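Student:
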Ligand code: ADP
Ligand code: MG
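Printed below as a string of structure tokens:
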């Protein structure tokens, strides 16, 4: 018997090579394997007769092989294997490419369940590279087949079988118990061991629902527990005492006049920090992309430093931290405030010097990434911590940063417009400030939605833009080919057909291909724009590489930057005037809005072009919203209405479903699961949490109480 934490190598069929591939998916032990949840399911129980199925329909067909498979060589050593198979309503031709071995699998008279897209080839029903399972007496076939996120070299079938093997071998008592017993009593949830079986291999809808409900609740409960802990931490007094500061020097060092909204928010911050009650500030500043949040944070830093204290600012990416450093050190050098930048890629010697400077009080203000948390940075006299782009972090990371000192003032900034009701739940421990006005003179970014048929015109437009001296971003949904080819068609409703079928080496036929950044950058450079400089940036690159590319782009040495959503937050290159998003239907609206915010930052007339071949009416309607409004809050509301709040925090470009950020739920949707959230919050504050739950909260967010 294995336990929930046995190394994957103890499972059958996992050697060194496979273990490495699994590691790429963050799968190291049986637990992480089981927590690599299906992304969707093929409803293979949806069996149709050939005569009933329409051209292009995706479904299962139970067919008996009628003719011996014949393999022919066609051009370029490619092979094609064909045979005929039939049900009572008629016969179909089954076709496989470059899979000679299937000739040995299909014998005349054998019956298989095929799953794929039925097309009519000159009037003959045809299945190209369908998935198949042999139908045998006494061995029922599963109703649903899980679809997992893959990495190249691993197939759906392999991962499915491995997961099944793990479920069979894990000692039932070793599943971690994350919920208090009251949760089972109150909500009638199934036990964890069942939940894992149901979620991976549901026999029917009821099991799928039960499995899902367990994980929704588990997720909401852990989240609630984290939130409850964070709230308890908020102190009511004892903040560093700050005296009044004359802001005129700060204001006159700015290259622009503050907007009214900025002035209001800075006043709110000032009132918090310079309050005789000494209640530590805990304030969220929200404002649309480009509304000028950074300067409000800078004002807070100024108040702290003028009082002889130090401040820290944490940004979610190195690129963003570096940019803040560049902008703010310019401003603060005029004010006699010393600023340092500390990230994961800061050289060891430099890091040491910075840490010493912070410990001695010589450095007033440090800007950085997670490194500020992980590197044991200590400040002599801290008063203020700031997190930028809060939605990229979690509650606990914020708390962890705040624990760098006693009762520090905390300021968090977020460009993600969340509806008030949600903000109340998520940021219930924070006071809210909104910057609801953009600096004057901002130009509107013209937004267009086009499909593949515009490709040539689009390329001509890119070319024109670059020749006029502008720069272009092209955002792709995936980094590498294949990594996402187990992705199902959009608008998937389980059981309603429309689920895309795959053959066993993971490629799929007939579906729109996702553009991958790596490949597309190559094609653009070598074939489409050999005379322009094409760059590439994505989340799997090392931070130093990313920085190098970004600096080249900012310096104008790259004309076209192909990227994933790593450029989503905060990047400021005013010369960039064209944003193209490929497979735009794959992105959340809020995310597209952020991406659009990367252009229109300078004097050039700017454009955002969303490329999508989607036929899905709902997806089309969603994209239309961006064409109609440039107001982030309206975009957010529409997004919520059309898709639910899960979309606010889409997956990271490495495919991870959540990156420690609030609301980035894998299972729960805060909108439709609001009732469960209420129960979870209640249980989190009234019942004793099981030790494993506390452990998870600590582990997830890397914090000790
Ligand atoms: P965000 O709210 O998205 O973080 P930033 O703080 O990065 O926005 O500001 C975006 C740009 O607008 C920066 O280049 C900044 O210098 C500029 N900016 C900020 N406030 C003003 C203002 N009141 N007037 C003119 N430009 C401003
Ligand atoms: Mg910002």
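In the numbering used here, the protein residues as written are 18 to 722.
For each residue, glycine too, the CB sits at the ideal point set by N, CA and C.
Since the model is a prediction, treat every value here as computed from it, not as a measurement.
By how many angstroms is the C-alpha of residue 150 removed from the C-alpha of residue 227?
Tutor: If you take the alpha carbons of residue 227 and residue 150, they lie about 26 angstroms apart.
Student: Using 10 angstroms around the beta-carbon of residue 258, count the other beta-carbons present and answer buried if the total reaches 16, otherwise exposed.
Tutor: Label assigned to residue 258: exposed.
Student: Considering residue 217, what are the terminal residues of the alpha helix (DSSP H) in which it resides?
Tutor: Note, residue 217: alpha helix (DSSP H), 209 to 217.
Student: Counting along the chain, where does the beta strand (DSSP E) carrying residue 490 start and finish?
Tutor: Per DSSP, residue 490 belongs to the beta strand (DSSP E) from 488 to 492.
Student: Which of the three DSSP states is assigned to residue 23 in this structure?
Tutor: In the structure shown, residue 23 sits in coil (DSSP, three-state: anything other than H, G, I, E or B).
Student: Using alpha carbons as the reference points, say which of 64, 209, 164, 394 lies closest to residue 80.
Tutor: Comparing Cα positions, the closest option is 64.
Student: By the 10 Å Cβ neighbour count, where 16 or more other Cβ atoms means buried, how is residue 91 classified, buried or exposed?
Tutor: Per the 10 Å Cβ criterion, exposed.
Student: Please name the residue in 316, 99, 386, 388 whose C-alpha comes closest to that of residue 265.
Tutor: Comparing Cα positions, the closest option is 316.
Student: Express the C-alpha separation of residue 645 and residue 459 in angstroms, rounding to a whole number.
Tutor: Going from the Cα of residue 459 to the Cα of residue 645 covers about 17 angstroms.
Student: How big is the Cα-Cα spacing for residue 186 and residue 178?
Tutor: For residue 186 and residue 178, the distance between alpha carbons rounds to 12 angstroms.
Student: When you compare only the Cα positions, how much space is there between residue 88 and residue 594?
Tutor: Looking at the two C-alpha atoms, the distance is approximately 53 angstroms.
Student: Can you list, in chain order, the residues of its chain whose CB lies under 8 angstroms from that of residue 376, leaving out five sequence neighbours each side?
Tutor: Excluding positions up to five away in sequence, the list reads 395, 396, 397.
Student: Among 24, 83, 161, 495, which residue has its Cα nearest to the Cα of residue 123?
Tutor: Closest option to residue 123, Cα to Cα, is 83.
Student: What residues match up with residue 331 in a beta bridge as DSSP calls it?
Tutor: DSSP, once it has assigned bridges, lists 385, 404 as partnering residue 331.
Student: Go ahead and pull the three-state DSSP assignment for residue 542.
Tutor: Residue 542: helix per DSSP, three-state reduction.
Student: Cα-Cα, which of 588, 405, 39 is closest to residue 169?
Tutor: The shortest C-alpha separation from residue 169 is found at 39.
Student: Kindly indicate the opening and closing residues of the alpha helix (DSSP H) around residue 626.
Tutor: Here residue 626 belongs to no alpha helix (DSSP H); instead the beta strand (DSSP E) covers 624 to 628.
Student: Just verifying my parser: in three-state terms, what is the DSSP assignment at residue 100?
Tutor: Correct three-state label for residue 100: strand.
Student: For the ligand MG, is there a heavy atom less than 7 angstroms away from the beta-carbon of residue 311?
Tutor: Yes; taking the cut-off as 7 angstroms, the Cβ of residue 311 has a heavy atom of the ligand MG nearer than that.
Student: Does the segment 295 to 311 come within contact of the segment 224 to 243, defined as at least 3 CB pairs closer than 8 angstroms?
Tutor: The answer is no - the segment 224 to 243 does not touch the segment 295 to 311, with fewer than three Cβ pairs under 8 angstroms.
Student: Go through the segment 588 to 662 residue by residue and report every complete run of the beta strand (DSSP E) that reaches 3 residues or more, in order.
Tutor: The segment 588 to 662 contains these whole beta strand (DSSP E) runs: 593 to 598, 624 to 628.
Student: For residue 663, is the classification buried or exposed, using 16 other Cβ atoms within 10 angstroms of its Cβ as the cut-off for buried?
Tutor: With a pLDDT of 40 at residue 663, under the threshold of 50, the predicted position of this residue should be treated as unreliable, and no value is reported.
Student: If you measure between the beta carbons of residue 494 and residue 536, is that distance less than 8 angstroms?
Tutor: Result no, Cβ atoms of residue 494 and residue 536 do not sit closer than 8 angstroms.
Student: Residues in the same chain with beta-carbon distance under 7 angstroms from residue 44, minus the five sequence neighbours each way, listed in chain order, please.
Tutor: Only 25, 50, 53 meet the Cβ criterion.
Student: Run through the DSSP bridge pairs and tell me what residue 241 is partnered with.
Tutor: In the DSSP output, where bridge partners are listed per residue, residue 241 has none listed.
Student: Exposed or buried, which one is residue 66 when buried takes at least 16 other CB atoms within 10 Å?
Tutor: The residue in question, residue 66, is exposed, as its Cβ has fewer than 16 Cβ neighbours within 10 Å.
Student: Out of 571, 194, 581, 461, which has the shortest C-alpha to C-alpha gap to residue 706?
Tutor: For residue 706, the nearest C-alpha among the options comes from 194.
Student: In three-state DSSP terms, what is residue 496?
Tutor: Residue 496: coil per DSSP, three-state reduction.
Student: Taking the CB atoms as reference points, tell me whether residue 356 and residue 384 lie closer together than 8 angstroms.
Tutor: Their beta carbons are under 8 angstroms apart, which means residue 356 touches residue 384 by this criterion.
Student: Let me check one thing: in DSSP terms, what residues is residue 375 bridge-paired to?
Tutor: The partner list for residue 375 (beta bridge, DSSP) is empty, contrary to what the question assumes.
Student: Of all Cβ atoms in chain E, is any one closer than 8 angstroms to the Cβ of residue 150?
Tutor: Here chain E cannot be found, since the structure has a single protein chain.
Student: Taking three-plus beta-carbon pairs below 8 angstroms as touching, is the segment 285 to 298 in contact with the segment 326 to 334?
Tutor: In short, these stretches do not touch, since the Cβ pair count stays below three.
Student: For residue 468, which residues does DSSP report across the bridge?
Tutor: Its beta-bridge partners do not exist; DSSP assigns none.
Student: Nearest-angstrom Cα distance between residue 626 and residue 210?
Tutor: About 47 angstroms.
Student: Out of 132, 105, 85, 114, which one is the CA nearest neighbour of residue 126?
Tutor: Checking every option, the nearest Cα to that of residue 126 belongs to 85.
Student: Taking the continuous beta strand (DSSP E) assigned at residue 580, which residues delimit it?
Tutor: First-last of the beta strand (DSSP E) with residue 580: 577 to 580.
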